[in-house]
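Student:
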Amino acid sequence: MNLLAILAEHARQDPGRLAIIDGPRRLSYSELYGLIRGFAAELSRQGLGPGGRALLFVPMSVELYVAFLAALYLGATVVFIDPGLGRAGVASAAARVAPDVLIAVPKVVWLRWLVPSLRRIPRVISVGRRFLGAISPRADGDPHALPASSPALLTFTSGTTGAPKATIRSHAFLVAQHQALQEILHLGPADVDMPGLPVFVLNALAAGSTCVIPPIGARVADVAGETLYELVQSAGVTTAEGSPVLFQSLGAAAEKRRAPLPSVRGLFMGGAPVLPAIHERLLPWLPSGDSVVVYGSTEAEPISAASGRHEALATAPASARGEGLCVGRPVGSVRVRLHDDEVLVSGAHVNETYENDPDAVARFKVRDPDGTVWHRTGDAARLDDDGRLWILGRVEHRFERSGVRLYPTALEVAARSQAGVSQAAVLEHQGRLTLVVEGDSVDEAALGRLHPAIDTVRRLRKIPTDRRHNAKIDYAALRQSLAH
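Residue numbers (my numbering): 223 to 706.
Set out below in structure tokens:
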């Protein structure tokens with residue numbers, strides 16, 4: 223069983239059920255599957271087949287998922303490279319994976335001439351306005367039969383904590399990931415799901431839900447909250463997943479209108495620290511729902527989950543004291559252990575290796591004598607008496623003062639609980655443990671008293687964060703800012 227087989231079953235059992243809403247466009251499961259078969263025939267004519275690789279540079283849209291699923295239909299591997307890696311990062315990643323075909327929007331098709339590794343891809347398909355209209359839907363055919371261990375998806379880690387690593391997900395992995403996500407999301411045919419992350423669309427379609435594509439461009443942080451609010455209300459969205467910055471803007475729009483979101487039963491947030499303040503903003507406007515923290519990484523998604531209504535708000539006072547950020551209990555399909563404070567995870571949806579990167583495998587993978595592979599997340603945490611994980615920060619960023627270990631996230635969350643602080647970062651600068659804050663009317667003296675180890679407090683107009691989500695601290699760029 224793989225995701226294509228699950229999708230085919232939905233198309234057979236309930237062909238008229240709405241699969242995707244993308245702006246004014248609506249596709250049923252039968253129509254979507256017909257387009258997938260039709261485009262798969264075109265890709266096959268172009269020479270793509272089992273073992274081939276298709277690099278996709280298409281924004282979240284109907285076109286993306288027709289192309290994505292058509293490649294899987296043929297037994298090929300889909301490759302995603304985040305444009306946020308920059309031209310050099312994209313060039314390096316493309317050279318490492320050697321795609322057989324590039325499927326991209328016209329802008330990328332033209333820009334590939336500036337990137338030699340993209341220019342060397344032998345076949346190119348432009349996905350423009352007329353792309354879907356040029357596909358002849360097919361009503362017959364079955365997905366290429368493949369072993370469950372065959373590669374299906376190759377993506378790269380963000381690179382915010384080192385060189386991006388190529389992670390491979392097999393068909394069995396994707397099914398296991400879907401099952402793990404269902405432990406948290408519980409999606410079904412009655413749900414209207416709005417995924418803010420591309421791969422989560424696969425989960426919604428596998429669950430038989432209606433998938434609403436949000437208008438997300440190159441930067442998630444640029445999405446207008448008013449637009450999201452209107453989309454949630456008009457489509458009757460029941461669930462949504464994405465970066466906390468996405469839901470921060472949605473909550474702001476609800477506040478401005480003083481109007482609730484009655485259809486929503488769950489907003490699931492991850493990819494960056496989810497602070498109690500986000501739950502405080504969202505929950506008043508979710509009369510029938512909850513805001514949920516989903517903790518995970520590229521290599522292991524999900525690891526744990528925490529209810530905003532029942533856990534995040536209850537643990538907020540402890541977070542304000544610098545005790546870390548509660549991300550809930552591990553899902554049942556993973557094993558979690560702590561080694562020297564670091565979170566290690568193992569399970570069917572935990573990536574066990576990297577593409578052509580033995581150094582990264584040696585650094586981030588641990589193999590037990592019985593063959594079990596554990597992934598080192600790089601996150602430091604503690605487990606409380608109720609079995610809940612509390613994230614403290616990155617292992618590589620820890621400090622020691624008077625024999626006591628300190629981690630940045632715990633201190634940053636405490637700082638952001640103070641009035642007027644919109645962002646915070648902790649790092650060692652010129653031999654001093656420095657708390658850098660962003661915001662108006664902050665009490666620097668009070669911030670300095672958050673922890674005895676804090677030597678100095680600095681205020682910046684803007685703390686650098688990652689380009690796409692505007693959520694994770696870019697510590698390298700911050701060090702440069704402090705140096706000037």
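The beta-carbon is built from N, C-alpha and C at its ideal position, and this holds for glycine as well.
Where does TRP507 land, buried or exposed, given buried means 16+ other C-beta within 10 angstroms?
Tutor: Buried: at least 16 other Cβ atoms inside 10 Å.
Student: Out of LEU669, ARG610, PRO484, state which residue places its alpha-carbon closest to the alpha-carbon of ALA542.
Tutor: Answer by Cα proximity: LEU669.
Student: Using only alpha-carbon positions, find the residue among PRO580, ARG557, ASP579 that is nearest to GLY196.
Tutor: Residue 196 lies beyond the range of the chain shown here (223 to 706); nothing can be said about it.
Student: In the DSSP output, what is GLU463 paired with across the bridge?
Tutor: PRO417, PHE490, per the DSSP bridge assignment.
Student: In angstroms, rounded to a whole number, what distance separates the CA positions of GLY355 and SER526?
Tutor: Rounded to the nearest angstrom, the two C-alpha atoms are 42 Å apart.
Student: Kindly indicate which three-state DSSP category ILE343 falls into: helix, strand or coil?
Tutor: In this structure, ILE343 counts as coil in the three-state DSSP scheme.
Student: Considering Cα atoms alone, identify which of TYR251, ARG616, ALA481 is closest to SER431.
Tutor: The candidate whose alpha carbon is nearest that of SER431 is TYR251.
Student: Using only the alpha-carbon positions, how far apart do VAL679 and GLU666 sit?
Tutor: Distance between the alpha carbons of VAL679 and GLU666: 6 Å.
Student: In three-state DSSP terms, what is PRO686?
Tutor: PRO686: coil per DSSP, three-state reduction.
Student: Helix or strand or just coil, what does DSSP make of HIS673?
Tutor: If DSSP states are grouped into helix, strand and coil, HIS673 belongs with coil.
Student: At which residue ranges does the stretch 246 to 332 contain complete beta strand (DSSP E) runs of 3 or more residues, listed in the order of the chain?
Tutor: The qualifying runs are 247 to 250, 275 to 279, 299 to 302, 323 to 326.
Student: Measuring CA to CA, which of GLY609, LEU277, ALA367 is closest to LEU324?
Tutor: For LEU324, the nearest C-alpha among the options comes from LEU277.
Student: Can you tell which of VAL567, ASP562, ASP563, LEU560 has the C-alpha that lies nearest to the C-alpha of VAL553?
Tutor: The shortest Cα separation from VAL553 among VAL567, ASP562, ASP563, LEU560 belongs to VAL567.
Student: Going by DSSP, which residues form a beta bridge with ILE613?
Tutor: Per DSSP, LEU547, ALA603.
Student: Tell me, to the nearest whole angstrom, how far the beta carbon of ASN573 is from that of THR389; I am working on the premise that it is less than 8 Å.
Tutor: Contact flag correct, Cβ pair sits at about 5 Å.
Student: Can you check which of these residues, TRP612, PRO539, ASP608, is closest to ALA637 by C-alpha distance?
Tutor: Among TRP612, PRO539, ASP608, the Cα nearest to that of ALA637 belongs to PRO539.
Student: Say yes only if the C-beta of GLY493 is nearer than 6 Å to one or more non-hydrogen atoms of the ligand MN, and no if none qualify.
Tutor: The ligand MN is not among the ligands present in this structure, which contains no ligands whatsoever.
Student: Along the chain, where does the alpha helix (DSSP H) that runs through HIS393 open and close?
Tutor: Segment 393 to 407, the alpha helix (DSSP H) holding HIS393.
Student: Based on Cα-Cα distance, which residue from ALA227, ARG248, PRO246, VAL280 lies nearest to ARG259?
Tutor: ARG259 has its Cα closest to that of ALA227, out of ALA227, ARG248, PRO246, VAL280.
Student: Alpha carbon to alpha carbon, how far is ASP563 from TYR576?
Tutor: One C-alpha to the other measures close to 24 Å.
Student: Below 6 Å CB to CB, which residues in the same chain sit around GLN268 once its five sequence neighbours on both sides are set aside?
Tutor: Here the set comprises ARG345.
Student: Does the beta carbon of ASP244 sit closer than 7 Å to a beta carbon anywhere in chain D?
Tutor: Going by chain labels, chain D is absent from the structure shown, which holds only one protein chain.
Student: Would you tell me roughly how many angstroms separate the C-alpha atoms of ASP322 and VAL280, rounded to the nearest one?
Tutor: Approximately 16 Å between the Cα atoms of the pair.
Student: Around the C-beta of GLN470, are 16 or more other C-beta atoms found within 10 angstroms, so that it is buried, or is it exposed?
Tutor: Buried.
Student: With a 10 Å radius around its C-beta and 16 neighbouring C-beta atoms as the bar for buried, classify LYS387 as buried or exposed.
Tutor: LYS387 comes out buried.
Student: Going by CA-CA distance only, name the one from PRO630, GLY600, MET282 that's closest to PRO420.
Tutor: PRO420 has its Cα closest to that of MET282, out of PRO630, GLY600, MET282.
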